[in-house]
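So the mapping is simple: the working numbering equals the position in the first sequence, first residue as 1, plus 166.
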Amino acid sequence: MSKLIIVDGNSIANRAFYALPLLSNAEGLHTNAVYGVTTMLLKLLEEEKPTHFLFAFDAGKVTFRHADYKEYKAGRAKTPPELSEQWPLIKELVAAFNIQQFELEGYEADDIIGTLTRMADEEKMETLVVTGDKDMLQLASEHVKIALTIRRGISEMEVYGPEQIQEKYGLKPLQIIDMKGLMGDASDNIPGVPGIGEKTALKLLHEYGSVENVLEHAPSIKGKMGERLVAHAEDARLSKELATIYREVPLSLTWDDLKFEGIDEERTAALFKRLEFKSLLERLNLSASAQVSEQTLEIPVQIVQEQDLSALLGKLDEVRAVHVEVLGDNPHHGEVLGIAFAFEASAMYVGFETLMSEEGRPLREWLEDEGTAKTIYDAHRVHLALAWQGIKLRGTAFDVHLAAYVLDPSQSNQSLGDLMRRFGLPTLPEDEEIFGKGAKFRIPELEVYSSYLGRKAYAISQLRQPMHDELEKTGMNELYYDLELKLSRVLAEMELTGIKVKSEELERFGEELKERIREIEQEIYDLAGTEFNIGSPKQLGEILFEKLNLPVIKKTKTGYSTDVEVLERLAPYHEIAAKVVEYRQLTKLQSTYVEGLLKEIRPETGKIHTYYRQTIAATGRLSSQYPNLQNIPIRLEEGRLIRRAFVPSEEGWYILAADYSQIELRVLAHISQDERLMEAFRQNMDIHTKTAMDVFGVAADEVDANMRRQAKAVNFGIVYGISDYGLSQNLHIPRKEAAAFIEAYFNVFQGVRRYMDEIVKSAKQDGYVSTLLNRRRYLPEINASNYNRRSFAERTAMNTPIQGTAADIIKLAMVKLAERMTDEGLRSRMLLQVHDELVFEVPPEELEVMKQLVPEVMENAIALDVPLKAEVSWGTDWYEAK
DNA sequence: AGGTTCACG
DNA sequence: ACGTACGTGAACCTC
């Protein structure tokens, strides 16, 4: 059976452009619209399997519609240059896909599509029109369906035939034209009748059927609407005419011209490569076709067996880089496949068995030797994996992975292939191409992976110098060598130490939770009158909003929203809402914190070993995985009890916690040099109360709890890069009031206002912002023409130096503390970092020393123009240390 | 695999 | 008119 797809090229490209972030390739060409169009095309090909395909484009600025109405499409914003430059690429893409494209001077894509769908109707050709333009619904018929992109998205679509249009609007397809005649269309500058929107237009059409009939009855329609209809009758008629798609364009196309017989793989691969659509290349399995022109790394790799290890041992001093392949996501599981050594123009590979053999001992000693400087990729991960095999990695002099993060912390992919490409060096495959991923993971033949790992080691050796130079050039040498590289070892040691968690404590707590969950579950079923899956937002939505008819507060992409905020607003209507909130709290505790943590306890030691990720967060913060120990409950007492299970690993020891007080606002005071804010901290005032005094203009004793709460929200907002909307949402107040708060704040803290203005300005000029220790974050969207993207980048520009400097400071404190603790021969151990807090386990005889040392080092990690303050607490478990 | 929700700073 | 608070990770549901 034949099936034709027609794409409304201009409409879809526009949608794609505004739906996706402004990507660009190495040439500096923007690629987001092309990318969006590509993913949409691939989806269509896969799901619809068309036999015929056409891409229709608008041509020329003036169409026949301008003859009727010269204001047609006037006042429409100019196409941004970032989109214009993508047109040739989109046309190239369509050509590479072997899809026919068509445009005709003087006509819009709509009219070409209108004409083709008329022909399709006549010949009963199944046709799908893909567009973002609702007007096209007028073309729907028995054989012609219209796929509309949903909202601002691109690959999500809703398909409309006459029945769906009837269902949604209660109209026949052709009546869509009447609807637009009444409503008009601001984007095409079609006037319509003022004051009539979609709702009113539909009401009128349900009663009268067409524009003509509405106008005929206009004099008898009461009120303002009747008057308007009479006054603007001519506008309505003209608007209807403009909205009517012309279906008699002289087309020279035959069905044969539109036949689709598969894409041109080579041409597509070449284009994807130029556009850097890597994931798509892989998805289409075009990598092979694409690599013809890219130079790949080729060097001889020798596989070293136990009996010929001496060849390697004899030239260990010539090793330029070493690569240890760690399998799996969690390095604490310690799976090491093998190890590769790079030399000047070759590499050697040693399998794990060989490394661990008797003959491998000198190799292991070399790895443990502080004195031999090693260049490596992700020393932190390697350190952990080797440690679990009994090998202590020492002497990491350069870590390519960490360097890549420091150079650009926003890059999510820091693979060696990527880095080589970025530095213009011959590249190599991704891990996934060699090993597969997920369920398809498998270890290939020795020859295949040893060659790959040898090339990895060689790539690492090649990257060291250029990356070092780049760090130097960008002024990030100190940050890299003196902070991040040192920290990576401190982190690995903390993680290997681990923290003791009492499983009996968790299990006991879990039993209590289970009981309460059962009760609440039953109460919810009783209130709902039926049993259902409370954990399914979809089913819960159906119960709340369809069965119980509660008001819909907000929607998500896929249906009703049922988040806490919604449930809290539903609470006055129905008891069930509060029960669901409680159910969620308890099940969260049960599944994430009781069962989740229990799974991570090592039975041999009763400890949990998290994995801090040093190269994830764009601001410079750490993140924590397997499990995440940076989000253990504290805000609600019920959840806080989880912390009772976190205990010292030795009898009689203490848990000691120290946290920075208001570090972000202190950092803000320093970098903004705001006199009032600095003074407040020098006086060691309660900053939220102080803010309330200044913003509301009252004395200290006049600040009530509510004023302090609001001031606190303003302070948070300031740190996040404030917007009146965000603050209004947070405080549940009208946006105008929020705006007034912000204005009042800035009037008092003028230095802060100056900082916010200047940081945005400098970001626009330089394309990046920096922290106090010179950590950079690039903000490519800071000059975007799209308001949302630009605003987002502006808020990031305001927030990152604050959050990032705070991260720099605690990292510095960690490195210094680790040194001090070693120097002073303390047995205490650093266990956890939670952004502004450090957690230790401390033997009783060191409690006094640590209570003094920890805050002292934290407070003096760096000298700011305001004091830093760290508060210590201790107890027999983490709960008590509050 | 992506979306929703919710835990933390 | 637009539609956002900054930074993370994990569990669960749905497709």
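From the three backbone atoms N, C-alpha and C, an ideal C-beta is built for every residue, glycine too.
Cβ contact check for the stretch 560-571 and the stretch 506-518: 3 or more pairs under 8 Å: Not touching, per the Cβ criterion.
Residues near PRO814 in its chain [Cβ-Cβ closer than 7 Å; skip 5 each side]: Within the same chain, PRO814 has close Cβ partners LYS666, TYR820, ILE821, GLU1007.
Where GLN471 falls: helix, strand or coil (DSSP): For GLN471, the three-state secondary structure derived from DSSP is coil.
Completely contained alpha helix (DSSP H) runs for the stretch 527-589, where each covers 4 or more residues: The qualifying runs are 527-534, 545-553, 566-573, 582-588.
Residues near TYR739 by beta carbon distance below 6 Å, same chain, minus five either side: In its chain, beyond the 5 residues on either side, LEU716 have a beta carbon closer than 6 Å to the beta carbon of TYR739.
Boundaries (first-last residue) of the beta strand (DSSP E) holding ALA508: From DSSP, the beta strand (DSSP E) with ALA508 extends over 501-508.
Which listed residue (LEU189, PRO466, LYS209, GLU803) has its alpha carbon closest to that of THR315: Nearest option by C-alpha distance: LYS209.
Cβ shell of ILE469 (< 6 Å), same chain only, five flanking positions each side left out: Excluding the 5 residues flanking it on each side, ILE469 has same chain C-beta neighbours closer than 6 Å at TYR515, SER616, in chain order.
Proximal residues to HIS836 (C-beta, below 7 Å), its chain only, five neighbours per side dropped: Excluding sequence neighbours, HIS836 sits near LEU1030, ASP1031, VAL1032.
Per DSSP, the bridge partner or partners of TRP1040: Within the DSSP secondary-structure output, TRP1040 pairs in a beta bridge with LEU822.
Outcome for ARG116 when other beta-carbon atoms lying within 10 angstroms are tallied against a minimum of 16: In the structure as shown, the chain starts at 167 and stops at 1048, and residue 116 therefore has no counterpart that could be examined.
Option in GLU292, PHE223, LYS388 with minimal Cα separation from GLU271: Comparing Cα positions, the closest option is PHE223.
Three-state class that DSSP yields for HIS836 in the structure shown: Residue state, collapsed to three classes: helix.
Environment of ALA456 [buried if 16+ CB atoms lie within 10 Å]: The predicted position of ALA456 is uncertain, since its pLDDT is 49 and thus under 50; a value taken from the coordinates is nonetheless stated next. Looking at its Cβ environment, which holds 16 or more other Cβ atoms inside 10 Å, ALA456 is buried.
Environment of MET844 [buried if 16+ CB atoms lie within 10 Å]: So MET844 counts as buried.
One or two residues paired with ILE171 in a DSSP bridge: DSSP lists PHE219, LEU294 as partners of ILE171.
Environment of VAL458 [buried if 16+ CB atoms lie within 10 Å]: With a pLDDT of only 48 at VAL458, under 50, the local geometry of the prediction cannot be trusted, and no value is derived from it.
For ARG995, the first and last residue of its enclosing alpha helix (DSSP H): Unbroken run through ARG995 is the beta strand (DSSP E), 995-999; no alpha helix (DSSP H).
Paired residues, beta bridge with THR315 - DSSP: DSSP lists MET323 as partners of THR315.
Closest by C-alpha distance to LEU259, when choosing among ASP276, GLU432, ALA904: Ranking ASP276, GLU432, ALA904 by Cα distance to LEU259 puts GLU432 first.
Best match in PHE509, VAL467, LEU582 for proximity to GLU613 [C-alpha to C-alpha]: Ranking the options by Cα distance to GLU613, first place goes to VAL467.
Where the beta strand (DSSP E) through HIS1055 begins and ends: The structure shown does not extend to residue 1055, since the chain spans only 167 to 1048, so no value can be given for it.
Which residues DSSP lists as bridging SER789, in chain order: SER789 pairs with ARG779.
Close-in-space but distant-in-sequence residues of the same chain around LYS745 (CB under 8 Å, 5 per side omitted): Short of 8 Å from the beta carbon of LYS745, and not among the five residues preceding or following it, lie these beta carbons of its own chain, in chain order: ILE686, GLU689, ILE690, LEU693.
Stretch pair the stretch 247-265 + the stretch 214-221: three plus CB contacts closer than 8 Å: The stretch 247-265 makes contact with the stretch 214-221: 3 or more CB pairs, one atom from each, lie closer than 8 Å.
CB of TYR886 within 7 Å of CB of ASN965, strictly: Judged by their CB atoms, TYR886 and ASN965 are nearer to each other than the 7 Å cut-off.
GLN473 burial status per 10 Å Cβ neighbour count (16 or more: buried): It counts as exposed.
Where LYS856 falls: helix, strand or coil (DSSP): Here LYS856 carries a helix assignment [DSSP, helix/strand/coil].
Short Cβ contact (7 Å threshold) for ASP883 with LEU897: For the sequence presented, residue 883 should be read as Gly rather than Asp. Between GLY883 and LEU897, the C-beta gap is not smaller than 7 Å, which leaves the two residues out of contact.
Assigned secondary structure, GLY350 (DSSP; H/G/I helix, E/B strand, else coil): For GLY350, the secondary structure class from DSSP, reduced to helix, strand or coil, is coil.
Identified DSSP bridge partners for LEU1004: ALA824, GLN999.
Spatial distance of PRO592 from GLN461 (CA atoms): In a straight line, the C-alpha of PRO592 is about 5 Å away from that of GLN461.
Whole-angstrom distance between GLY194 and PRO595, CA atom to CA atom: Straight-line Cα distance between these residues: approximately 24 Å.
Whole-number beta carbon distance between LEU752 and ARG682, since they are thought to touch under 8 Å: Rounded, the Cβ-Cβ distance is 6 Å, consistent with contact.
Sub-7 Å separation of LEU186 and ASN176 beta-carbons: Their beta carbons are not under 7 Å apart, which means LEU186 does not touch ASN176 by this criterion.
8 Å contact criterion, which ILE343 and GLY350 should meet: CB distance rounded: GLY350 and ILE343 do not touch by the CB rule: their CB atoms are close to 12 Å apart, not below 8 Å.
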